[in-house]
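In what follows, a single structure is set out as structure tokens and then discussed.
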């Protein structure tokens, strides 16, 4: 663009639709800046949110107790499950409260309180309730919430095979 | 020696005006505790900064021994506190300083609030100050997990459950902070990164803004 | 710094470097000549006074740091069901608030957004909510009283939460781990066993591992299901090195009649003679003998 033309552009009223040199440069600068920022940061964002997007592994079933030993009174069983936490693999001991319901079906509750994640125990305060020591959440034998907690206790998926009770992944309560 | 060095730099960069601006600006009587004892309430901001400097320094030194790994984190903290000379003091400074900085910042916020100092033209500085407050609380929350003892673990679990109960976004926030579905190895490294790099970076930027704005606008006048 | 004049130096004067007073500025004057009273330069006059306060605070801080070691409990155990969670003290009010029925359960949205989120956002935007020119707190009754009510609520909630925690500790007979740890550490040092680090206890090797009392009796009686197949501990305590802590009579009594909630009595399951032999074998499990 020669000098005269530039003068023209400057003086001409804004009737011409082409963008000015300055506008073009500004947009290009903005575009290049956006590319530089995006190109640098996008991989990092994907890197950071990876745990959300990773496929959740299906848990396996673990043999915990003989079917005949389960009564209508909840008993605590502890068992090990293979857990993969990134690069760290472990076999943490989990626990469940197993009981036979009024319908005669065996079910297992997770002792993790649905209020804020403390651990509940059976018959600690009242002989027929689960009680959480943190905030006094209470649940019925079926894990139905009575106070404080917003939801009922989670259940383990239960499988019966050959006289043994197997516990699987945790699922929302189906009994309450 | 120092003078000639100063002059050498000054000739090239003309730093005198900057330095004189910081050194010579007048501080009014109503914030000076030497004139009015009650003016000590104006010291809380400076004290917050002082403790923050202690936190940054002690934190930098703690990372010389600390490892953010669920097997070793606890034992590295135990080692640096009990086996390293002055470890109890350095960790103590970082631990108690974390509480003290919150106290000081709280008092500073109350002073600004009750003297109405956040009013025009200082609205932006109040907002930056509140952001600093939130960043500090974030530093407190993430730092609490790092020793990886039961107290740290369960407090974090409860904290993340609270974050998880935010409507709609809760589960995502929780899982993102967890770095998975459980509080574990990846939570610890995440909290470490946030505690040591992300939040301090944000804090330094906000502090710079806070101070530049104070210098530009001056301390609010007497009531 | 360049305060004294040296005839050989070239000094560039930049005039009075205090920020120039702009003609049109709604920002407060950078110097305080407009205000009555004695103002003074920031460095060194004023900063010295502020640093005097800083010195006092630092001394108090260091005394606290030296007097009160930073707490460290036991290594995190995700399966510890008896641990009572406790956030750091400045989160207690929030923790307590979310316990109340109208802030938890079905009302959790109200608790999180209404009672916590909105006040924080209001605080963040305070300058735009309280827009009057008046700065004195007693001339701003709404803003001031809201803040005072919040302060009272925060203080009350923090206190209730702490009180509840102390109550739970007392009720369950729990000594906070960082204190218990210190006690055990001191005991261990007194006994000459050196510093005690939880989870790093050295379990002594087994003494006379081929003894029938262990290989047959204890296996049959299912001792190992709780105490570990190598007696390294599990649900029940480790039994290697038990001879240092318990006498043969105590061991005999524990096996015979049970102990605490976990240990069942073996009276009847095992003969007195078998129990006698097991107790004798266990009493030989001393750290010194294992070396």
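Chains as they are written, first to last, in our numbering: chain D, 632 to 807; chain C, 22 to 244; chain L, -10 to 280.
From the three backbone atoms N, C-alpha and C, an ideal C-beta is built for every residue, glycine too.
List, in chain order, every chain L residue whose beta-carbon is nearer than 8 Å to that of residue i.
{"i": "residue 147 of chain C", "result": "115 and 116"}
{"i": "residue 55 of chain C", "result": "38"}
Listing by chain order, which chain C residues have their CB less than 7 Å from the CB of residue i?
{"i": "residue 95 of chain L", "result": "What residue 95 of chain L touches in chain C: nothing, since even the nearest Cβ is about 12 Å away."}
{"i": "residue 683 of chain D", "result": "193, 196 and 197"}
Got a sec? Which residues, its chain only, sit under 7 Å from residue i by beta carbon, not counting five neighbours each side?
{"i": "residue 154 of chain C", "result": "126 and 130"}
{"i": "residue 115 of chain C", "result": "76, 79, 80 and 83"}
{"i": "residue 803 of chain D", "result": "785"}
{"i": "residue 14 of chain L", "result": "Note that residue 14 of chain L has pLDDT 44, beneath the 50 cutoff, so the model's placement of it is unreliable and the number below is only indicative. Same-chain partners within the cutoff: there are none."}
{"i": "residue 88 of chain C", "result": "94 and 97"}
{"i": "residue 111 of chain C", "result": "79, 82 and 83"}
{"i": "residue 47 of chain C", "result": "none"}
For a contact defined as C-beta to C-beta under 8 Å, what are the partners of residue i on chain C?
{"i": "residue 687 of chain D", "result": "202"}
{"i": "residue 112 of chain L", "result": "151"}
{"i": "residue 32 of chain L", "result": "43, 44 and 45"}
Which partner residues of residue i appear in the DSSP bridge assignment?
{"i": "residue 716 of chain D", "result": "D/719"}
{"i": "residue 708 of chain D", "result": "D/727"}
{"i": "residue 30 of chain L", "result": "C/47"}
{"i": "residue 252 of chain L", "result": "L/248"}
{"i": "residue 696 of chain D", "result": "D/796"}
{"i": "residue 791 of chain D", "result": "D/796"}
{"i": "residue 259 of chain L", "result": "L/256"}
{"i": "residue 762 of chain D", "result": "D/752 and D/769"}
{"i": "residue 776 of chain D", "result": "D/770"}
Got a sec? Which residues, its chain only, sit under 6 Å from residue i by beta carbon, not counting five neighbours each side?
{"i": "residue 701 of chain D", "result": "729, 731 and 737"}
{"i": "residue 755 of chain D", "result": "762"}
{"i": "residue 694 of chain D", "result": "795 and 797"}
{"i": "residue 152 of chain C", "result": "227"}
{"i": "residue 229 of chain L", "result": "192, 193, 195, 220 and 274"}
{"i": "residue 208 of chain C", "result": "199 and 200"}
{"i": "residue 10 of chain L", "result": "Any reading at residue 10 of chain L needs caution, since the residue's pLDDT is 46, under 50, leaving its predicted position unreliable; the model's value is listed next. None."}
{"i": "residue 17 of chain L", "result": "Reliability fails at residue 17 of chain L, whose pLDDT of 45 lies under 50, so the model's placement of it is uncertain and the value that follows must be treated cautiously. Nothing meets the Cβ criterion."}
{"i": "residue 708 of chain D", "result": "695, 696, 727 and 729"}
{"i": "residue 185 of chain L", "result": "173, 174 and 177"}
{"i": "residue 178 of chain C", "result": "204"}
{"i": "residue 132 of chain L", "result": "119"}
{"i": "residue 233 of chain L", "result": "275 and 276"}
Residue i versus chain D: which residues are under 9 Å apart at the beta carbon?
{"i": "residue 165 of chain C", "result": "The contacting residues do not exist; residue 165 of chain C stays about 16 Å from chain D at best."}
{"i": "residue 205 of chain C", "result": "714, 716, 717, 719 and 721"}
Using C-beta distances below 8 Å, list every residue in its chain close to residue i, excluding the 5 sequence neighbours before and after it, in chain order.
{"i": "residue 156 of chain C", "result": "220, 223, 224 and 227"}
{"i": "residue 192 of chain C", "result": "185"}
{"i": "residue 64 of chain C", "result": "54"}
{"i": "residue 84 of chain L", "result": "76 and 150"}
{"i": "residue 12 of chain L", "result": "Confidence at residue 12 of chain L is low in this model, with a pLDDT of 47, below 50, so the placement of that residue should be treated as unreliable; the coordinate-derived value is given next. So no residue of the chain qualifies."}
{"i": "residue 100 of chain L", "result": "86, 87, 89, 91, 92 and 93"}
{"i": "residue 60 of chain C", "result": "51, 52, 53 and 54"}
Is there a Cβ from chain B that is less than 8 Å from the Cβ of residue i?
{"i": "residue 769 of chain D", "result": "No chain B appears in this structure, whose protein chains are D, C and L."}
Under 9 Å Cβ-Cβ, which residues of chain C neighbour residue i?
{"i": "residue 693 of chain D", "result": "What residue 693 of chain D touches in chain C: nothing, since even the nearest Cβ is about 17 Å away."}
Give me the chain L residues within the contact set of residue i, using Cβ-Cβ distance strictly less than 9 Å, ordered along the chain.
{"i": "residue 114 of chain C", "result": "50, 51, 54 and 59"}
{"i": "residue 219 of chain C", "result": "Chain L residues near residue 219 of chain C: none, gap ~19 Å exceeds 9 Å."}
{"i": "residue 136 of chain C", "result": "124, 125 and 126"}
Any heavy atom of the ligand GDP within a distance shorter than 7 Å of the CB on residue i?
{"i": "residue 238 of chain C", "result": "Here there are no bound small molecules, and the ligand GDP is not part of this structure."}
Run through chain D and tell me which residues come within less than 7 Å of residue i, C-beta to C-beta.
{"i": "residue 91 of chain C", "result": "719"}
Starting from the beta carbon of residue i, find every residue of chain L whose beta carbon is closer than 7 Å, and list them in chain order.
{"i": "residue 183 of chain C", "result": "87"}
* With 7 Å as the limit, tell me which residues of the segment 767 to 783 of chain D have their beta carbon closer than that to any beta carbon of chain L; keep them in chain order. => Near chain L, meaning a CB-to-CB distance below 7 Å, the residues of the segment 767 to 783 of chain D are 779, 780 and 781.
* Below 9 Å between beta carbons is the criterion; list the residues of the segment 58 to 69 of chain L that meet it against any residue of chain C, in chain order. => 58, 59, 60, 61, 62, 63, 64, 65, 66, 67 and 69
* Identify each residue in the segment 254 to 278 of chain L for which the Cβ-Cβ distance to at least one residue of chain C is less than 7 Å, and report them in chain order. => So nothing in the stretch comes that close.
* Segments of 3+ residues assigned as beta strand (DSSP E) that fall wholly inside the segment 720 to 754 of chain D -> 724 to 731 and 737 to 740
* **Under 9 Å (Cβ pairs) to chain C, residues found in the segment 709 to 721 of chain D** => 714, 716, 717, 718, 719 and 721
* To do: Could I get the ranges of all uninterrupted alpha helix (DSSP H) runs contained in the segment 70 to 103 of chain C, with 4 residues as the minimum, in chain order?
  => 94 to 103
* To do: Below 7 Å between beta carbons is the criterion; list the residues of the segment 40 to 53 of chain L that meet it against any residue of chain C, in chain order.
  => If the cut-off is 7 Å between Cβ atoms, the segment 40 to 53 of chain L has 42, 43, 46, 50 and 53 near chain C.
* Asked: If you scan the segment 175 to 221 of chain C from start to end, which runs of the alpha helix (DSSP H) of 4 or more residues do you find wholly inside it?
  -> 191 to 199 and 206 to 214
* To do: Could you name the residues of the segment 75 to 95 of chain L whose beta carbon sits closer than 9 Å to any beta carbon of chain C, in the order they occur along the chain?
  => 75, 76, 77, 78, 79, 80, 83, 84, 87 and 93
* Interface positions of the segment 122 to 152 of chain L facing chain C (Cβ-Cβ less than 9 Å), listed along the chain -> 122, 123, 124, 125, 126, 128, 129, 132, 133, 136 and 140
* Uninterrupted alpha helix (DSSP H) stretches inside the segment 107 to 184 of chain C (no shorter than 4 residues) -> 108 to 135 and 144 to 166
* Asked: the segment 57 to 84 of chain C: which residues have C-beta closer than 9 Å to a C-beta of chain D, in chain order?
  -> none
* When you check each C-beta in the segment 160 to 176 of chain L against every C-beta of chain C, which residues fall closer than 7 Å? -> 166
* To do: Go through the segment 58 to 100 of chain L residue by residue and report every complete run of the alpha helix (DSSP H) that reaches 4 residues or more, in order.
  => 81 to 86
* Run through the segment 126 to 170 of chain L for me and flag every whole alpha helix (DSSP H) of 4 or more residues, listed as ranges in chain order. => 130 to 161
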